[in-house]
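Peer 1: In order, the protein sequences belong to chains D and B. Okay, so the first sequence: first residue is 22 according to my numbering, each after it adds one. Okay, so the second sequence: first residue is 13 according to my numbering, each after it adds one. Beta carbons: idealized from backbone N, C-alpha and C, even for Gly. What you are looking at is a predicted structure, and each value in this text was computed from that prediction instead of being measured. Before I ask anything, let me first share the structure, which is written out below as structure tokens.
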Amino acid sequence: MRAQHQIGGGRWQVELELCGSGDPLLYLHGAGGLLGVDPFLAELSKDFKVIAPHLPGYGESTGGELVEDVVDACLFYHQLLDDLGIASTNVIGHSMGGMLAAELAALDVHRVKKLVLVSPAGFWLEQHPIPDPFAMDLPELAAHLFHDPKSPLAQMFTTIPSDPQQLADMYVERTKRLTQASRFLWPIPDRGLKKRAWRIAAPTLLVWGESDRLIPPVYAGEFASRIRNCRSVTIKHAGHMVMYEQPEEFVRIVRDFLKG
Amino acid sequence: MKFTAFHLMSYPNLPSDFTERYRSVWVDIPRALYDPQLGHRIYNEYLDQLELADRLGFDGIGVNEHHQNAYGLMPSPNIMAAALARRTRHASLVVLGNSIALYNPPIRVAEEFAMLDVISGGRLVAGFPVGTAMDTNYCYGEIPATLREKYREAHDLIIRAWTENDIFSFNGKYNKLRYVNLWPKPLQRPHPPVWIPGGGSIETWDFCAEHDYQYSFLSFFGYVAAKKVADGYWETMARKGKPLNPYSMAFAQGVVVAPTDQEAERDFAPHADYFYNRCLHIHPNFADAPGYRTLNSIRAALQSGLPVKLKQHYSWKDLVDDGIIIAGSPRTVRERLREAMKSLNCGHLITGIHMGSMPPELVRQNAELFAREVMPYLRDMWSEWEDKWSPHPLPESERAEPAPVDFRRPGLEHNRIISATPWRPAK
Chain D
22 MRAQHQIGGG RWQVELELCG SGDPLLYLHG AGGLLGVDPF LAELSKDFKV
72 IAPHLPGYGE STGGELVEDV VDACLFYHQL LDDLGIASTN VIGHSMGGML
122 AAELAALDVH RVKKLVLVSP AGFWLEQHPI PDPFAMDLPE LAAHLFHDPK
172 SPLAQMFTTI PSDPQQLADM YVERTKRLTQ ASRFLWPIPD RGLKKRAWRI
222 AAPTLLVWGE SDRLIPPVYA GEFASRIRNC RSVTIKHAGH MVMYEQPEEF
272 VRIVRDFLKG
Chain B
13 MKFTAFHLMS YPNLPSDFTE RYRSVWVDIP RALYDPQLGH RIYNEYLDQL
63 ELADRLGFDG IGVNEHHQNA YGLMPSPNIM AAALARRTRH ASLVVLGNSI
113 ALYNPPIRVA EEFAMLDVIS GGRLVAGFPV GTAMDTNYCY GEIPATLREK
163 YREAHDLIIR AWTENDIFSF NGKYNKLRYV NLWPKPLQRP HPPVWIPGGG
213 SIETWDFCAE HDYQYSFLSF FGYVAAKKVA DGYWETMARK GKPLNPYSMA
263 FAQGVVVAPT DQEAERDFAP HADYFYNRCL HIHPNFADAP GYRTLNSIRA
313 ALQSGLPVKL KQHYSWKDLV DDGIIIAGSP RTVRERLREA MKSLNCGHLI
363 TGIHMGSMPP ELVRQNAELF AREVMPYLRD MWSEWEDKWS PHPLPESERA
413 EPAPVDFRRP GLEHNRIISA TPWRPAK
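What follows is the structure, encoded as structure tokens:
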């Protein structure tokens, strides 16, 4: 169910995907944002109360200019949870969202119960530089994001509408999203998480697609070495968009971890 | 009409298979292609050419800032302007300009521009471009989302540093300075004329109108394609109640002159080909960055139809027919240039005397023909308007004269090797 919420006394108008009931589960999307068709969220909502906000500057969420850095983003998520009456929650973050989820868990160890980081950004290894997604066109991006760039999913991702109005809308929305993402990822996706990751107390699961060509799986080792209570899972036949590429296995692993 | 001789200082020796082998002339061009020994020669030749333009009677000589590329080899145009300040006498030093969001603190730009203005006796034109996405976002790592805000703040700080009489504190978002106290201050009061180089974004027009700055449209695609942008600029000026003074706009137009139209094609076509097909070989994904253009500018561009797709390859005929360059005999060039500047309502022509890979002798011929056979015939244009955007230098009688130079050292033979053996361009 899509809902609009006033957050922080009207500072933000936030577009939220809300579904299911049970233990709360906050989902933080990656730089591309929610795709509009996100089946793994519906699947998870069978066991959890899923809350998936569009980051300010994405979709219908306003107030992007108030979220300029990691501290702003964490305060925004805290305010969102306060206004929804959620004292503590499980958190899943993907890519840029993984970086923000880790920061959230480090800044307030009491708010995050369990943490799932899916191909998270946030670190930079000199020997394994992350390719620049901002300088890629769609086919190039798809080749970095998907295990099989020829799959119907990847094809859907790279299809551009033939209707000029739809194309213009898509272009403007994509620019809006990536502009906001640039605050956290440009030009190097490292905003100092390595200084703070030691604070993360929540049991943490790292999930990586085996053929992730954007943030290579070698980064899992870096996260594992810096987060105390952490284990790591690699999913086969999946790339950076692992939860879209292998939704069943992804949901099973995440559910087992959160329920266990 | 006023005329500025401009130099991009392109690297003249990119291999002929450059476009097939490499994706971009900018940002990630291989360093191995740069030969510093050739660099030494061309920097000196290029400076000679701008010095010649001063003697030939151009109103201005122009340089600008680009990074990590072979299209324009001036990471610091201020270094070039400093060299020119000492070896020229009359022309304005048109620095178009410094990308002010890139300097921390931007006081550095206020200082260097003030130095140039003082050294040159008040001949500086201060250009404040945002800078291309390649330069600012990809090469200098500026976050696109905050580039323009940072630019505005840098602008405000520089103007205050130039104009306030007392020491002040500046509590900006990007710059925190307890003591702002510019030494030296610029010679021109309240400050050197400001030109804002732009590509065609709406916000730049508003910014120029609000501050009475000159708008320099630096297209390299000619006056025919520029009409739309010029009209947009003049509509903004009209809407803001500003006079439609042609001198409040400059336009960069490629112009080459030869004794006849045929000779123009014979002599210049290979160099135009080099410039348009090699120097402008920019990877499209570097030409924009998300947030570099505002959403308003993107929407406006989308509404006015998708941008004209740049051609994969430009022939001489494309370049001349589409007005991308104006080329030919003095007569042809005079007529076409008059028509061009009239259609744009533009009073400042910025024209490259050098293009791509032109050898020095051809640059000299081009500049001389332009100065003697074209410029005087267009001087009458816009004479009814006052040019409020050119520098006000000290009177000649009050300007310091650099001492004459004799490079010879006793006992050492002095050969002018550089001019004796011209380099050969790559095939």
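1. Is residue 191 of chain B helix, strand or coil when you go by DSSP?
2. On the DSSP bridge assignment, give the partners of residue 261 of chain B in chain order.
3. Have a look at residue 131 of chain B and residue 92 of chain B and give me their C-alpha separation to the nearest angstrom.
4. So, helix, strand or coil for residue 44 of chain D, using DSSP?
5. Between the C-alpha atoms of residue 344 of chain B and residue 274 of chain B, what's the straight-line distance to the nearest angstrom?
6. Rounded to whole angstroms, what is the Cα-Cα separation between residue 165 of chain B and residue 184 of chain B?
7. For chain B, find out if any of its Cβ atoms is closer than 9 angstroms to the Cβ of residue 200 of chain D; answer yes or no.
8. Taking Cβ positions, are residue 138 of chain D and residue 227 of chain D nearer each other than 9 angstroms?
9. Are there three or more Cβ pairs, one per stretch, closer than 8 angstroms when the segment 105-114 of chain B is compared with the segment 204-216 of chain B?
10. Quick one, which of D:96, D:209, D:167, D:118 has its alpha-carbon nearest residue 79 of chain D's?
11. Does DSSP put residue 114 of chain B in a helix, a strand or coil?
12. Whether or not the segment 386-398 of chain B and the segment 74-89 of chain B are in contact is what I'm after, with contact meaning three or more pairs of Cβ atoms, one per stretch, closer than 8 angstroms; do they touch?
13. Using 9 angstroms as the threshold, is the C-beta distance between residue 105 of chain B and residue 114 of chain B below it?
14. Cα separation between residue 121 of chain D and residue 222 of chain D?
15. What in chain B is Cβ-close to residue 239 of chain D, meaning under 9 angstroms?
16. Going by DSSP in three states, residue 136 of chain B sits in which element: helix, strand or coil?
17. Roughly how many angstroms separate the alpha carbons of residue 398 of chain B and residue 257 of chain B, rounded to a whole number?
18. What does a CB cutoff of less than 7 angstroms around residue 291 of chain B pick up in its chain, not counting 5 residues either side in sequence?
19. How many whole angstroms separate the CB atoms of residue 48 of chain D and residue 73 of chain D, which I take to be in contact at a CB cut-off of 8 angstroms?
20. Note down, in chain order, all residues in the segment 301-312 of chain B with a beta-carbon under 9 angstroms from any beta-carbon belonging to chain D.
21. So residue 24 of chain D is in the beta strand (DSSP E); what residue range does that whole segment cover?
22. Using the three-state DSSP reduction, which class does residue 281 of chain D fall into: helix, strand or coil?
23. Tell me, please, which residues DSSP counts as bridged to residue 138 of chain D.
24. At least one CB of chain D closer than 9 angstroms to the CB of residue 42 of chain B: is that the case?
25. Using the C-alpha atoms, what's the distance from residue 187 of chain D back to residue 440 of chain B?
26. According to the Cβ coordinates, are residue 50 of chain D and residue 75 of chain D closer than 9 angstroms?
27. Would you please state the rounded distance, in angstroms, between the beta carbons of residue 276 of chain B and residue 362 of chain B? I believe it to be under 8 angstroms.
28. Please report the straight-line C-alpha distance between residue 144 of chain D and residue 95 of chain D, rounded to a whole angstrom.
29. From residue 248 of chain B to residue 358 of chain B, what distance separates their C-alpha atoms?
30. Just to confirm the assignment: which complete alpha helix (DSSP H) runs, minimum length 4, are found wholly within the segment 134-220 of chain B?
31. Note the first and the last residue of the continuous beta strand (DSSP E) segment covering residue 73 of chain D.
32. Check whether chain D comes within 9 angstroms of residue 205 of chain B, counting only Cβ atoms and requiring the distance to be less than that.
33. I'd like the span of the alpha helix (DSSP H) that includes residue 52 of chain B, first residue to last.
34. Flag residue 116 of chain B as yes if its beta-carbon sits less than 9 angstroms from any beta-carbon of chain D, otherwise no.
35. Quick check on residue 305 of chain B: buried or exposed, where buried means 16 or more other Cβ atoms within 10 Å of its Cβ?
36. Would residue 314 of chain B pass as an interface residue toward chain D - the criterion being a Cβ-Cβ separation below 9 angstroms?
Peer 2: By the coordinates alone:
1. As a position in the second sequence, residue 191 of chain B is number 179, starting the count at 1. In the structure shown, residue 191 of chain B sits in a strand (DSSP, three-state: E or B).
2. Locating residue 261 of chain B in the second sequence gives position 249, where the first residue counts as 1. According to DSSP, residue 261 of chain B bridges with B:227.
3. Taking the first residue of the second sequence as 1, we reach residue 131 of chain B at position 119. Taking the first residue of the second sequence as 1, we reach residue 92 of chain B at position 80. Answer to the nearest angstrom: the Cα atoms are 13 angstroms apart.
4. By one-based count along the first sequence, residue 44 of chain D stands at place 23. Residue 44 of chain D falls in the strand class under three-state DSSP.
5. For the purposes of this step, residue 344 of chain B is identified with residue 332 of the second sequence, where counting begins at 1. For the purposes of this step, residue 274 of chain B is identified with residue 262 of the second sequence, where counting begins at 1. Approximately 11 angstroms, taken between the alpha carbons.
6. Within the second sequence, numbered from 1, the residue matching residue 165 of chain B stands at position 153. Within the second sequence, numbered from 1, the residue matching residue 184 of chain B stands at position 172. The straight-line gap from Cα to Cα measures roughly 7 angstroms.
7. To locate residue 200 of chain D, count along the first sequence from 1; it is residue 179. Output row for residue 200 of chain D: interface = yes.
8. Numbered from 1 along the first sequence, position 117 holds the residue referred to as residue 138 of chain D. Numbered from 1 along the first sequence, position 206 holds the residue referred to as residue 227 of chain D. Yes, the Cβ-Cβ distance between residue 138 of chain D and residue 227 of chain D is below 9 angstroms.
9. yes
10. Locating residue 79 of chain D in the first sequence gives position 58, where the first residue counts as 1. Of D:96, D:209, D:167, D:118, the residue nearest in Cα terms is D:118.
11. In the second sequence, the residue the question calls residue 114 of chain B occupies position 102. Correct three-state label for residue 114 of chain B: helix.
12. With the cut-off at 8 angstroms, the segment 74-89 of chain B and the segment 386-398 of chain B do not touch.
13. Translated into positions along the second sequence, residue 105 of chain B becomes position 93. Translated into positions along the second sequence, residue 114 of chain B becomes position 102. Their beta carbons are not under 9 angstroms apart, which means residue 105 of chain B does not touch residue 114 of chain B by this criterion.
14. Locating residue 121 of chain D in the first sequence gives position 100, counting from the first residue. Locating residue 222 of chain D in the first sequence gives position 201, counting from the first residue. Approximately 15 angstroms, taken between the alpha carbons.
15. Here residue 239 of chain D refers to the residue found at position 218 of the first sequence. Simply none; closest approach about 23 angstroms.
16. Stepping through the second sequence from its first residue, residue 136 of chain B is reached at position 124. Residue state, collapsed to three classes: strand.
17. Residue numbering aside, residue 398 of chain B sits at position 386 when the second sequence is read from its first letter. Residue numbering aside, residue 257 of chain B sits at position 245 when the second sequence is read from its first letter. Approximately 8 angstroms between the Cα atoms of the pair.
18. The residue given as residue 291 of chain B occupies position 279 in the second sequence. These residues qualify, in order along the chain: 22, 37, 82, 83, 368.
19. Here residue 48 of chain D refers to the residue found at position 27 of the first sequence. Here residue 73 of chain D refers to the residue found at position 52 of the first sequence. Contact holds; Cβ gap of about 4 angstroms.
20. 301, 302, 303, 304, 305, 307, 310, 311
21. To locate residue 24 of chain D, count along the first sequence from 1; it is residue 3. Unbroken beta strand (DSSP E) run through residue 24 of chain D: 23-28.
22. Within the first sequence, residue 281 of chain D is the residue found at index 260, counting from 1. Three-state result, residue 281 of chain D: coil.
23. Stepping through the first sequence from its first residue, residue 138 of chain D is reached at position 117. Looking at the DSSP assignment, residue 138 of chain D forms a beta bridge with D:114, D:227.
24. Looking up residue 42 of chain B in the second sequence gives position 30. No, residue 42 of chain B lies away from the interface with chain D (no Cβ there is under 9 angstroms from its Cβ).
25. Residue 440 of chain B is absent from the model: chain B starts at 13 and stops at 439.
26. Mapped onto the first sequence, residue 50 of chain D falls at position 29. Mapped onto the first sequence, residue 75 of chain D falls at position 54. Yes. Within cutoff.
27. Locating residue 276 of chain B in the second sequence gives position 264, counting from the first residue. Locating residue 362 of chain B in the second sequence gives position 350, counting from the first residue. The pair is not a contact, with the Cβ atoms about 20 angstroms apart (cut-off 8 angstroms).
28. To locate residue 144 of chain D, count along the first sequence from 1; it is residue 123. To locate residue 95 of chain D, count along the first sequence from 1; it is residue 74. Residue 144 of chain D and residue 95 of chain D: Cα-Cα distance of roughly 18 angstroms.
29. Locating residue 248 of chain B in the second sequence gives position 236, where the first residue counts as 1. Locating residue 358 of chain B in the second sequence gives position 346, where the first residue counts as 1. Straight-line Cα distance between these residues: approximately 15 angstroms.
30. If only complete runs of 4 or more residues are kept, the segment 134-220 of chain B shows the alpha helix (DSSP H) at 156-175, in order along the chain.
31. As a first step, residue 73 of chain D must be located in the first sequence, where it is residue number 52. Residue 73 of chain D -> beta strand (DSSP E) spans 69-74.
32. Position 193 of the second sequence holds residue 205 of chain B. So no, residue 205 of chain B is outside the interface.
33. Taking the second sequence and counting its residues from 1, one reaches residue 52 of chain B at position 40. Counting along the chain, the alpha helix (DSSP H) containing residue 52 of chain B begins and ends at 48-68.
34. Within the second sequence, residue 116 of chain B is the residue found at index 104, counting from 1. No - not a single Cβ of chain D is within 9 angstroms of the one on residue 116 of chain B.
35. Stepping through the second sequence from its first residue, residue 305 of chain B is reached at position 293. Looking at its Cβ environment, which holds 16 or more other Cβ atoms inside 10 Å, residue 305 of chain B is buried.
36. By 1-based counting over the second sequence, the position of residue 314 of chain B is 302. The Cβ of residue 314 of chain B sits closer than 9 angstroms to at least one Cβ of chain D.
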